[in-house]
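One structure is given below, encoded as structure tokens.
Protein chains in written order, with our numbering: chain A, 2 to 112; chain B, 6 to 118.
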């Protein structure tokens with residue numbers, strides 16, 4: 002059973018565009034929703050995270066939108082840059098327990 | 006900035022051989038994890054470790070796998086008899102309190118021939 006479903010699998014945008022990556026989850030007990038960024042040959046690194054008591058969180062050019070009733074959350078990257086080209090993973094967890102990762106989205110930002 | 010370090014970065018082994026992957030978590034962290042990522046696929050949880058014992062493990066973490074914290078700094082993953090399908094990138098991660106951010110190492114790529 003896939004706990005977290007992520008889409009799209011890949012995404013290509015022009016520099017300055019706003020890529021949006023979506024995730025959906027099943028378990029309503031999840032209470033921590035991070036997004037991780039992974040460059041080739043590197044481990045995932047935390048980008049931004051949200052808890053279900055807020056509907057939106059913004060850090061720099063990265064925004065998470067969270068819809069608790071729909072059990073969905075998404076990552077928006079404002080003014081995307083070629084350096085944002087990476088694989089992005091959403092995840093969900095119940096505090097203190099394992100993280101369930103989505104299948105990843107390969108983002109390419111064209112200069 | 007403190008980081009999780011892993012060795013080796015790449016290991017090639019023959020099927021049936023034993024492999025030990027090593028990790029040095031961030032020094033004040035108490036919760037340790039192993040995840041794996043088969044090429045091009047999602048990151049999958051293997052095991053979590055706290056207070057010198059396994060706190061949670063996945064179906065992937067069967068009897069061929071074991072973890073150990075042999076001293077105050079290292080955290081190891083042993084694969085007893087490697088199979089072709091064990092070929093993957095193995096990531097160690099640590100967390101200060103078991104909640105919130107996981108800090109991942111750069112991974113150890115295991116290739117089983």
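Note that beta-carbon positions come from the ideal geometry of N, C-alpha and C, so glycine has one too. Since this is a predicted model, take the numbers as computed values, not measurements.
(1) Tell me, please, whether the segment 104 to 114 of chain B touches the segment 38 to 54 of chain A by the rule of three or more beta-carbon pairs shorter than 8 Å.
(2) Rounded to whole angstroms, what is the Cα-Cα separation between residue 68/B and residue 39/B?
(3) Would residue 110/B pass as an interface residue toward chain A - the criterion being a Cβ-Cβ separation below 7 Å?
(4) Expressed to the nearest angstrom, what Euclidean distance is found between the alpha-carbon atoms of residue 74/A and residue 51/B?
(5) In this structure, what does DSSP give as the bridge partners for residue 100/B?
(6) Of all Cβ atoms in chain A, is any one closer than 7 Å to the Cβ of residue 88/B?
(7) DSSP three-state call for residue 118/B: helix, strand or coil?
(8) Count the other CB atoms, across all protein chains shown, that sit within 10 Å of the CB of residue 20/B; report buried if there are 16 or more and exposed otherwise.
(9) Between residue 29/B and chain A, is the shortest Cβ-Cβ distance under 7 Å, so that the two count as touching?
(10) Under three-state DSSP, which class holds residue 83/A?
(11) Taking only the alpha-carbon atoms, compute the straight-line gap between residue 107/A and residue 43/B and give it to the nearest angstrom.
(12) Counting only Cβ pairs nearer than 9 Å, list the residues of chain A close to residue 106/B.
(13) Taking Cβ positions, are residue 55/A and residue 26/A nearer each other than 7 Å?
Answer, in terms of the structure:
(1) yes
(2) 15 Å
(3) Taking a beta-carbon distance threshold of 7 Å, residue 110/B counts as an interface residue toward chain A.
(4) 25 Å
(5) 36/B
(6) no
(7) coil
(8) So residue 20/B ends up on the exposed side.
(9) The Cβ of residue 29/B sits no closer than 7 Å to any Cβ of chain A.
(10) helix
(11) 15 Å
(12) 35, 47, 50
(13) no
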